[in-house]
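Colleague:
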Amino acid sequence: MPPYAHTAGNEGTAGKDQEQETMTMNRIALILTASTLTFLVAAISPAKAQDPETGGPATIQIDRLVGLYGPVTFDHAKHATRYAEGCGDCHHQHSAYDENPCKRCHAIDAAQFKASVKRNFTACSKCHGDYDVEAPEVPDLKVAYHEVCFSCHRKIGDVGTTPASCEQLCHVKKE
Amino acid sequence: MADKQTTINAGDGDRSASQTISRRRFLCGTAAFGGATLVGAPCTAEATPDLEGWPDRFGMLTDLTACVGCRSCERACNAENKLPAPEQPFDDPSVFEQTRRPTSSAYTVVNRYQSPDGKGGPVYRKLQCNHCNEPACATACPARAYRKTPEGAVAYDEDLCFGCRYCMAACPFNVPAYSYESAFEPKIVKCTFCYPRIKQGLIPACAEACPAGALTFGKRSDLIKLARNKIENAPDRYIDHIYGEQEAGGTSWMYLSGVPFGDVGFPTNLGKEPMIDHTKGFLAAVPTVLVVWPALFGMAYSALKHREEAVSKENEKEKNRG
């Protein structure tokens, strides 16, 4: 039972309470939304310069899964302008999955993205978090990242031909 | 010694430590088995009860088209099982110059094959115990050191093993390795499917480490559906076959490949029947031929001989009378 719920015998002040409660709820909702958005923005582009051409971040430091290797500095601007034909080349269309309504808020389209208020996609980790044995078709974050990169990089340099290639383009091994 | 305890637990989580086998117990077991064959008890596979009762057992799907040969799985397996450090570091590609097999210090190995058409890049194949639905090692083991668990792992208990190595001969995938480190404590080593981790609700270390999505752990039934979907969605990428779905009666560990399985070292002559089915008829006949027949023929022979003797004695009596 929430602390602000009415109890019997308080009928007279119910209307006022209701109003106050609605205001409190609105405030909580506002704070929650703001903090969520701040978190999302921070997770994707932690106060980095924006790429004027795409509206996306210029570079991204991918450091959520640091272990054997150090963080990866990903040149988002270069990939977005030189290699990809659209955001959807890497940010997959959530509409592919009927049960996932992400596309309602996050259309994978550069124009809409630029026009959107917050200019950010849903963080990959929201769906691709820890691996769930019950949903083997959803890769975890590490696999999701690599699958996106490998979709092009397996054909570039030695990636996918020798273990040493991990350090050729992306990773710096920790000593 | 701590390592040994871990292996025991890996082999059999619910068996108490007091159940270590002694020479007397083993001989008793052997005598009981001999007795059973005398009365012609039917030969059943002890380690493989009705598998339909375990629909939620786990499996692994290896996607050979996704593997990049980084050997993260080997590294994770080594750390998880506290195995000795390898002679060459895990990022040394020179190991691919030879075709390796699992050893007592590496429960899993990744081998490299050249693409059969010569056009594509190299193909990597991870090799480890396939955790068969009806394991040949378990049926071959005279000491019941192997056990198919409801979770899908084929568990091995080194305390029951007396080192005959029948499992090594029986395995159609050439997986169990023998540890020659101690002459008095024989030990077979093979992938445990990270059974202790599964029991804790974790996934096997190799699957957790794989960055490329080449190893997917899940319920075997879910993985078969996932594999079918993958083939359907990318028919150009995959051979239309899930290796291990039916091979040798089916295995927990299954594979998808873009090149014919035979070209990357998979045995393709196993058929769909479990290994035990190839020997069941013969094994069932062994007690009959070696025990029942000699007994029957022996009795018939001695009866005939007795009769002959009786007849000849009577003849002699008659002669003496005459």
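If you're matching them up, the sequences are chains A and B in order. Residue 38 in my numbering sits at position 38 of the first sequence; the count goes up by one each step and never skips. Residue 1231 in my numbering sits at position 231 of the second sequence; the count goes up by one each step and never skips. Built from N, CA and C at the ideal position, the CB exists for glycine as well. It should be emphasised that the depicted structure is a prediction, and the values quoted were computed from it without experimental measurement.
1) Taking only beta-carbon atoms, is B/P1142 less than 9 Å away from chain A?
2) Determine the contact status of B/G1152 and B/R1057, defining contact as a CB-CB distance below 9 Å.
3) Using CA atoms only, rank isn't needed, just tell me which of A/I60, A/S125, A/L68 is closest to A/F74.
4) Quick one: complete alpha helix (DSSP H) runs, 4+ long, within the segment 1121 to 1162 of chain B?
5) Between the alpha carbons of A/E167 and B/E1087, how many angstroms are there, rounded?
6) Would you say A/S165 lies against chain B (beta-carbon separation less than 9 Å)?
7) Is A/E147 close to the ligand ATP? I mean its beta-carbon at under 8 Å from any heavy atom of the ligand.
8) Say whether chain A places a C-beta atom closer than 9 Å to the C-beta of B/T1251.
9) May I ask which residues mark the beginning and end of the beta strand (DSSP E) holding B/V1189?
10) Exposed or buried, B/P1089, counting other C-beta atoms within 10 Å across all chains shown (16 or more means buried)?
11) Determine contact between the segment 1207 to 1225 of chain B and the segment 1102 to 1115 of chain B, defined as no fewer than three beta-carbon pairs at a distance below 8 Å.
12) If you run the structure through DSSP and keep just helix, strand and coil, what is A/I44?
13) B/I1203 touches chain A at which residues, Cβ-Cβ below 8 Å?
14) Where do the N-terminal and C-terminal ends of the beta strand (DSSP E) with A/Q61 fall, by residue?
15) Give the DSSP-derived three-state secondary structure of B/L1315 in the structure shown.
16) Three-state secondary structure (DSSP) at A/D132?
17) Can you list the residues of chain B that A/V143 reaches, using a CB-CB cut of under 8 Å?
18) For the putative contact between B/I1188 and B/Y1180, defined by C-beta atoms under 8 Å, what is the C-beta separation to the nearest angstrom?
19) Exposed or buried, A/E134, counting other C-beta atoms within 10 Å across all chains shown (16 or more means buried)?
20) Does any residue of chain B have a CB that is nearer than 9 Å to the CB of A/T161?
21) With distances taken Cα to Cα, identify the nearest neighbour of B/E1134 among B/V1154, B/D1263, B/N1269, B/T1288.
22) Starting from the Cα of A/L137, find the closest Cα among B/F1162, B/V1286, B/K1225 and give me that residue.
23) Taking the continuous beta strand (DSSP E) assigned at B/Y1255, which residues delimit it?
24) So with Cβ pairs under 9 Å, would you call B/K1126 a contact of chain A?
25) Using 9 Å as the threshold, is the C-beta distance between B/F1193 and B/P1204 below it?
26) Counting C-beta neighbours from all protein chains within 10 Å, is the total for B/N1315 16 or more, i.e. buried, or is it exposed?
27) Between A/H76 and A/P57, which are expected to be in contact by the criterion C-beta below 8 Å, what is the C-beta distance as a whole number of angstroms?
28) Output the boundary residues of the beta strand (DSSP E) element that contains B/K1219.
Modeller: Taking the coordinates as given:
1) no
2) yes
3) A/I60
4) The qualifying runs are 1136 to 1140.
5) Roughly 22 Å between the two C-alpha positions.
6) For A/S165, the answer is yes, since a Cβ of chain B falls inside 9 Å of its Cβ.
7) This structure lacks the ligand ATP; in fact it carries no ligand of any kind.
8) Residue-level contact check: B/T1251 does not touch chain A, since none of the beta carbons of chain A fall below 9 Å from its beta carbon.
9) 1187 to 1189
10) exposed
11) no
12) With a pLDDT of 46 at A/I44, under the threshold of 50, the predicted position of this residue should be treated as unreliable, though the coordinate-derived value follows. A/I44 carries a helical assignment under DSSP once its states are collapsed to helix, strand and coil.
13) Y131, V133
14) Run containing A/Q61: 60 to 62, per the beta strand (DSSP E) assignment.
15) Strictly speaking, residue 1315 of chain B in this sequence is Asn, with Leu absent from that position. In the displayed model, B/N1315 falls within a helix according to three-state DSSP.
16) coil
17) Those are C1210, P1211, A1212, G1213, listed as they occur along chain B.
18) Wrong, their Cβ atoms sit about 11 Å apart, outside the cutoff.
19) exposed
20) yes
21) Proximity to B/E1134 across B/V1154, B/D1263, B/N1269, B/T1288 peaks at B/V1154, based on C-alpha coordinates.
22) At residue 137 of chain A the sequence reads Glu, which differs from the Leu that was named. Checking every option, the nearest Cα to that of A/E137 belongs to B/K1225.
23) 1253 to 1256
24) So, not an interface residue.
25) yes
26) exposed
27) Rounded, the Cβ-Cβ distance is 5 Å, consistent with contact.
28) 1215 to 1219
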